[in-house]
Amino acid sequence: MKKRSSKHAWIKDIVIVGVGVLTIWIGLQVVFGTENPFYVVSSGSMVPQLKVFDVLVVQGNDPFESVVVDDIIVFNRPAGNDRVIVHRVVELFENEEPYSIRTKGDANPASIPGTDFPITEEEYIGKVAYVIPQIGYVTRILTPPINYIIIGIIIAVMVIKQISKGRKEKEIASTIDFESFDQNNPNESTSTFDDLNNIPKDKEYSEISDEVRNAALREEGINPDSEKKNPQDTNSDSTKKKPDE
């Protein structure tokens, strides 16, 4: 009984994985607008921009008319459509019929007739949207569509990590609310200054200050004792002229 249940569980897992793989593959085709959204660089014609075994994620939803000079595109070789080429756009023939473009490999000295031109909408596959370095070695081990699905999972993980990183940064930023901090503590800054008035006076300093004050009053001809008795007259007395001796 246990063997049968474990066998059913194993079959169930295979079915779930198969359905998941198929769903991912169809989803990638829809998102990137092409039957095959992944291509592996197989030559050095685009070095150093693209290296052998780099994986290209191709956006097939971009129309042929949107291609501009310096875009890196993927297309079928015009002479025979026998292989897929990835080169950089170097010239647009907008006045020709049909509309065509010319490309060139970054590492090639010049454009190659039959390979780099004339490229029409019929040969065009899509623009290079992303480059994943050196994971094309997977294609040597696995066959399509399994290899592309694995690549798709890697891309999905990268995107999810980037999204989660952005969310964490937003959460950290939201925890620091300077405005609410000031509103919740309106007296924090003023109470600090109010406390200065409550600091006890230094006795020695106050005594020295009184002596200095008394000496200054005597020089002005004012009796310090009378000043203490009539503190309200301090301002008027201090302005009196020194009596003639």
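Our numbering numbers the first residue of the sequence shown as 260 and each following residue consecutively.
Beta carbons: idealized from backbone N, C-alpha and C, even for Gly.
Remember, predicted model here, so these are calculated numbers, not experimental data.
| query | Under the DSSP definition of a beta bridge, which residues are partnered with Gln318? | reply | As a beta-bridge residue in DSSP terms, Gln318 pairs with Lys386.
| query | DSSP three-state call for Ala376: helix, strand or coil? | reply | A small correction: the amino acid at residue 376 is Phe; Ala does not occupy that position in the sequence shown. Correct three-state label for Phe376: strand.
| Residue nearest to Val317 in terms of C-alpha spacing, selected from Pro372, Ile344, Val311 | Checked all of Pro372, Ile344, Val311; the closest Cα to Val317 is Ile344.
| Sufficient close CB pairs (3 or more, under 8 Å) joining the segment 332-339 to the segment 349-357 | Because the criterion of three Cβ pairs below 8 Å is not met, the segment 332-339 and the segment 349-357 do not touch.
| request: Would you kindly check if the distance between the Cβ of Gly364 and the Cβ of Val300 is under 8 Å? | output: Cβ atoms of Val300 and Gly364: not closer than 8 Å.
| So, is Glu382 buried or exposed, given that buried needs 16 or more other C-beta atoms within 10 angstroms? | Taking a 10 Å sphere around the C-beta of Glu382, we find 16 or more other C-beta atoms and assign the residue as buried.
| task | Using beta-carbon positions only, say whether Ser304 and His346 come within less than 8 Å of one another. | result | Between Ser304 and His346, the CB-CB gap stays under 8 Å.
| Helix, strand or coil: how does DSSP classify Arg336 here? | The DSSP-derived three-state label of Arg336 is coil.
| task | Could you tell me whether any non-hydrogen atom of the ligand NAP is closer than 7 Å to the CB of Ile391? | result | Among the components modelled here there is no ligand, and therefore nothing to report on the ligand NAP.
| message | Tell me the residue span of the beta strand (DSSP E) that contains Glu350. | response | Annotation: the continuous beta strand (DSSP E) that includes Glu350 extends over 343-352.
| message | Using the three-state DSSP reduction, which class does Ser507 fall into: helix, strand or coil? | response | Coverage of the chain is limited to positions 260 through 504, which leaves residue 507 absent and any answer about it impossible.
| Distance, Cα to Cα, Lys310 vs Gln393? | C-alpha separation (whole angstroms): 8 Å.
| query | Within 10 angstroms of its Cβ, does Ile431 collect 16 or more other Cβ (buried), or is it exposed? | reply | Only exposed fits Ile431, as fewer than 16 other CB atoms lie within 10 angstroms of its CB.
| task | Just the C-alpha distance for Gly279 and Ile270, rounded to the nearest angstrom, thanks. | result | If you take the alpha carbons of Gly279 and Ile270, they lie about 14 Å apart.
| task | Specify, as a first and last residue, the run of the beta strand (DSSP E) that Ser359 falls within. | result | Segment 359-363, the beta strand (DSSP E) holding Ser359.
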